[in-house]
Every structure is written in structure tokens, then in C-alpha cells.
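**Q** Please see the structure below; I have some questions.
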Ligand SMILES: O=C(O)CCC(=O)C(=O)O
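Residue numbers (the numbering used here): 637 to 913.
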């Protein structure tokens, strides 16, 4: 998987870039099967500490995104996706960093009628990192149409500084969709929203300060996506920022100011030998 110098320049200028066909059809089908398994509570390789191996309840409900965080530790197909060195290399090249570790993943089924996700930046949800060399890939697993409520990104908003989290995230509304981005948009800066109307297997990579969200799903089918989140080599641990994290064991044995890399958040590019993961 190669990206061009132009794509790196687009990411730097806009805060996001679409990368086509990062997943082939057989892998898309395997990922659908993996998501179905995890939503059904079947975990084929459970990497959690034995005492924590409980059923995971998705955040959200029938009227919002069904959201499962860090399912890579529940399923080997999802682990393979999250630790894919090719995807990690794209993230590293876009960030201009020498290495990346995978720090989070999300399963994102938005059913028909599912509400908007209010615009937000990802970095305010990651207070464990002292630096912003972080990015996300939002991977489409169905052919996205405007009706699906695909991801939308505010072009250039990664240069508007860090804002606060919206009051509500996945149970969003048309009225509050843009509240967080409007709070930091500089006077005179245009709010240009770009929708990721992309085919299954394509992805939009975006910087952790880029505002993004999505409208409701008005399509007859589920809007299915997965997102992966990486930290670059410059990111260093802020242990105080782990206090309210949903998965405190992810940070066990990490040192203050040390790299954000361990067996749950392995370095994926350059590839880590599998015996170290
Ligand atoms: O899928 C969505 O609508 C939102 C996803 C998101 O916020 C993310 O991947 O960071």
C-alpha cells in the first residue's frame, strides 16, 4: 500500500486524505464476519487479562452508532487489521513520523435511523498522549452514500487549535452537530465539510485535531465502518491522563514520558516481530 507525495501534501493542508482500496473484497467479508461475531458476543481470541474477560456491551442503542472500543483484543481478524503494517505505514508517512503504535480501534455500526455523531476532534479523548502526532483511519465496509451518514470532515480544521469535547458524542442531533467546531472556528475561516462517500474497502485518514462527525443514517442498510487510531513516535505517556480511560489495563507498566507502546498497543510500523506482540 503506497501513498503519493501529493496525498501527504493533501493531508498536511486539509487534515485528511482519502486513500482508495486499502482492503480487498475477501478481507472486507472477513471483517464483516468478525464484526458480526463481536456484536454477538463471540470472541475468537481474547487478549484481555483473564480476570477481565467479560461480555462487552456496545455503547449506544438502536437509535445511534453501536460503538465497541478496542475490539482488536477480542478477535484475531480485528487484531490483524489493527496491527497491519501497511496501514500503519500510511499513518506514519502522513504524520511524518518514523514509527506508529496502534492505540485504539472502534467498531462503528450505524443502523438505519441512527442519529448523527456530533463533530469533535479525537485528541481531546486521548489525554494519555502528550503530543498530537496521532491520526485515524475510518475504513468503509459498505459502499457509502450520502444517505448513510458517512464521516464528514471540516477541511483545514486541524489548524484551528484544540477545542473541548461536545456535550454529547454519538447521540448527536442536527442542532448540536457543529457546536464544538463552531466554538473554535477562527473568524473568517470557511467551514467546508467534505463527506467520505467512498466505496467499501477505502479509507479516510485524518489528523487527531481535524474536526469530524456524521449525519444520521437515512439509508435502508446499516452504515458499517471501523476506525483505527495510531500514535507516532513523538507521543509520550501522560499517566495522569489515563485516570478516566475505559481500559486502564492498557496502560499497565507504561512509564511517565515513555513511549505509548506495549502488548495491547504494539508498534505496527515498522512491523514488530509477532513474538513481541
Ligand atoms: O463513524 C462516525 O460517524 C464517527 C467516527 C469517529 O468519530 C472516529 O472514527 O473517530
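C-beta atoms are modelled at their ideal positions from N, C-alpha and C, and glycine is treated no differently.
Count the other C-beta atoms from every protein chain shown that fall within 10 angstroms of the C-beta of residue 740, then say buried if there are 16 or more, exposed otherwise.
**A** With 16 or more other Cβ atoms within 10 Å, it is buried.
**Q** Report the partner residues of residue 772 according to the DSSP bridge assignment.
**A** Looking at the DSSP assignment, residue 772 forms a beta bridge with 842 and 865.
**Q** Distance check for residue 803 and residue 795, CA to CA, integer angstroms please.
**A** Distance between the alpha carbons of residue 795 and residue 803 is about 22 Å.
**Q** Note down the Cα distance separating residue 702 from residue 862, rounded to an integer number of angstroms.
**A** If I take the Cα positions, the gap works out to 11 Å.
**Q** CA-CA distance, residue 769 and residue 665?
**A** When rounded, the distance between both Cα atoms is 31 Å.
**Q** In this structure, how does DSSP classify residue 599 when only helix, strand and coil are distinguished?
**A** No statement about residue 599 is possible, as the shown extent of the chain runs from 637 to 913 and does not include it.
**Q** Which two residues bound the contiguous alpha helix (DSSP H) that contains residue 638?
**A** Element bounds for residue 638: n/a, residue is neither H nor E.
**Q** Please report the straight-line C-alpha distance between residue 764 and residue 873, rounded to a whole angstrom.
**A** Taking the straight line from one Cα to the other gives about 6 Å.
**Q** Would you say the beta carbon of residue 758 comes nearer than 6 Å to a heavy atom of ligand 1?
**A** True, at least one ligand heavy atom lies under 6 Å from that Cβ.
**Q** When you compare only the Cα positions, how much space is there between residue 852 and residue 787?
**A** So the alpha carbons of these two residues sit roughly 10 Å apart.
**Q** Which parts of the stretch 638-694 are runs of the alpha helix (DSSP H), unbroken and 4 residues or longer, counting only runs that do not cross its ends?
**A** If we require 4 residues or more, the alpha helix (DSSP H) runs fully inside the stretch 638-694 come out as 641-650 and 661-675.
**Q** Distance, Cα to Cα, residue 903 vs residue 738?
**A** Computed Cα separation, rounded: 7 Å.
**Q** How big is the Cα-Cα spacing for residue 776 and residue 839?
**A** Computed Cα separation, rounded: 6 Å.
**Q** What residues are listed by DSSP as bridge partners for residue 727?
**A** Its beta-bridge partners do not exist; DSSP assigns none.
**Q** Check whether the Cβ of residue 772 lies closer than 6 Å to any heavy atom of ligand 1, and answer yes or no.
**A** Checking the Cβ of residue 772 against ligand 1 gives yes.
**Q** Let me know the secondary structure DSSP gives residue 877 once reduced to three states.
**A** Looking at residue 877 - three-state DSSP - the assignment turns out to be helix.
**Q** Residue 690: buried (16+ other C-beta within 10 angstroms of its C-beta) or exposed?
**A** Exposed.
**Q** Cβ of residue 765 within 6 Å of any heavy atom in ligand 1?
**A** Checking the Cβ of residue 765 against ligand 1 gives no.
**Q** Go ahead and label residue 826 buried or exposed: buried means 16 or more other beta carbons lie within 10 angstroms of its beta carbon, across all protein chains shown.
**A** Per the 10 Å Cβ criterion, exposed.
**Q** Cβ atoms of residue 685 and residue 883: under 7 Å apart, would you say?
**A** Contact: no.
**Q** Would you call residue 855 buried or exposed, if buried means 16 or more other Cβ atoms sit within 10 Å of its Cβ?
**A** Classification for residue 855: buried.
**Q** When the Cα atoms are used, what is the spatial distance from residue 892 to residue 901?
**A** Answer to the nearest angstrom: the Cα atoms are 16 Å apart.
**Q** Which residues mark the beginning and the end of the alpha helix (DSSP H) in which residue 820 is found?
**A** Element bounds for residue 820: 815-820.
**Q** Let me check understanding here. Comparing Cα to Cα, which of 719, 746 and 760 lies closest to residue 898?
**A** That would be 719, whose Cα lies nearest to the Cα of residue 898.
**Q** Exposed or buried, which one is residue 828 when buried takes at least 16 other CB atoms within 10 Å?
**A** Counting Cβ neighbours within 10 Å, residue 828 comes out exposed, since fewer than 16 surround it.
**Q** Classify residue 708 as helix, strand or coil using the three-state DSSP reduction.
**A** Helix at residue 708.
**Q** Following a CB-centred definition, is residue 744 positioned closer than 6 Å to any heavy atom of ligand 1?
**A** Residue 744 Cβ: within cutoff of ligand 1.
**Q** Report the rounded CA-to-CA distance for residue 731 versus residue 707, giving the unit in angstroms.
**A** Roughly 24 Å separates the two Cα atoms.
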